[in-house]
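Everything on this sheet refers to the single structure shown next.
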Amino acid sequence: MTPYTLRRLSPTDRVIVVPLLEREWGGVEVVALALGGLVDASRLPGWLALSEPDEEVVGLLTYQVSGDVVDLVTINAFAGGGVGAALVEALVGEVRGTAARLRVTTTNDNTRALRFYQRSGFRLTALHVGAVDEARKIKPIPALGFDGIPIRDELDLTMELSP
0 MTPYTLRRLS PTDRVIVVPL LEREWGGVEV VALALGGLVD ASRLPGWLAL
50 SEPDEEVVGL LTYQVSGDVV DLVTINAFAG GGVGAALVEA LVGEVRGTAA
100 RLRVTTTNDN TRALRFYQRS GFRLTALHVG AVDEARKIKP IPALGFDGIP
150 IRDELDLTME LSP
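In terms of numbering that gives the first Met the number 0, the sequence shown opens at residue 0 and continues consecutively.
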């Protein structure tokens, strides 16, 4: 298990965040149909997880606030030991009391993410059949995803943030 610390993103972290998003998401812009199309995740607030003592990036989470809904836009964990869960907990701790719910969208092929989010307290709340076909009009997305599953649909998961 890698020891790590969490800290909020600052504007100077963009030099770290941009190459990471380009490597993991194919660019800084991610398709978020619920948020109106392309979102520049490198300019969003978020959290970094840094290994100790060398401060290598072992996790990144970005989010966007829209009224009383917080959308988890990107999350990546590059080390075990609960980095992803800690990033989600940091976000929940930050927005609880100011937001009604936390929402995340993933694709139908991402069964690992579906397990992770449900273990983290999210519930399946919507299925958007054919949404990835719409997203492909905005940004190239491969036809096949994890485990050779065709990428077709999006699923929303929501965590209620009642006080």
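The beta carbon of each residue, even a glycine, is placed where N, CA and C say it ideally should be.
Because the structure is a prediction, the values reported are computed rather than measured.
Status (buried if at least 16 other CB within 10 Å, exposed otherwise) for residue i
| i | result |
| --- | --- |
| residue 40 | buried |
| residue 45 | buried |
| residue 145 | exposed |
| residue 164 | Since the first residue shown for the chain is 0 and the last is 162, residue 164 is missing from the structure and cannot be characterised. |
| residue 124 | exposed |
| residue 73 | buried |
| residue 129 | exposed |
| residue 150 | buried |
| residue 134 | buried |
| residue 157 | buried |
| residue 89 | buried |
| residue 142 | exposed |
| residue 131 | buried |
Residue closest to residue i, alpha-carbon to alpha-carbon, out of the options
| i | options | result |
| --- | --- | --- |
| residue 43 | 81, 159, 65 and 50 | 65 |
| residue 99 | 19, 159 and 15 | 159 |
| residue 96 | 14, 77, 69 and 113 | 69 |
| residue 49 | 7, 26 and 157 | 7 |
| residue 79 | 5, 58 and 88 | 58 |
| residue 139 | 2, 28 and 53 | 28 |
| residue 91 | 63, 135 and 107 | 63 |
| residue 126 | 117, 141 and 152 | 152 |
| residue 119 | 56, 131, 108 and 101 | 101 |
| residue 55 | 131, 25 and 16 | 16 |
| residue 2 | 115, 132, 108 and 53 | 53 |
Those residues which DSSP pairs with residue i across a bridge
| i | result |
| --- | --- |
| residue 22 | In the DSSP output, where bridge partners are listed per residue, residue 22 has none listed. |
| residue 149 | 143 |
| residue 155 | 104 and 125 |
| residue 63 | 70 |
| residue 6 | 47 |
| residue 29 | 38 |
Residue i - DSSP class collapsed to helix/strand/coil
| i | result |
| --- | --- |
| residue 55 | coil |
| residue 78 | coil |
| residue 11 | helix |
| residue 45 | strand |
| residue 99 | coil |
| residue 160 | coil |
| residue 92 | helix |
| residue 83 | helix |
Distance between beta carbons of residue j and residue i, contact taken as under 8 angstroms
| i | j | result |
| --- | --- | --- |
| residue 104 | residue 31 | 7 angstroms |
| residue 137 | residue 37 | 6 angstroms |
| residue 86 | residue 113 | The Cβ separation is near 17 angstroms, so there is no contact. |
| residue 51 | residue 4 | 6 angstroms |
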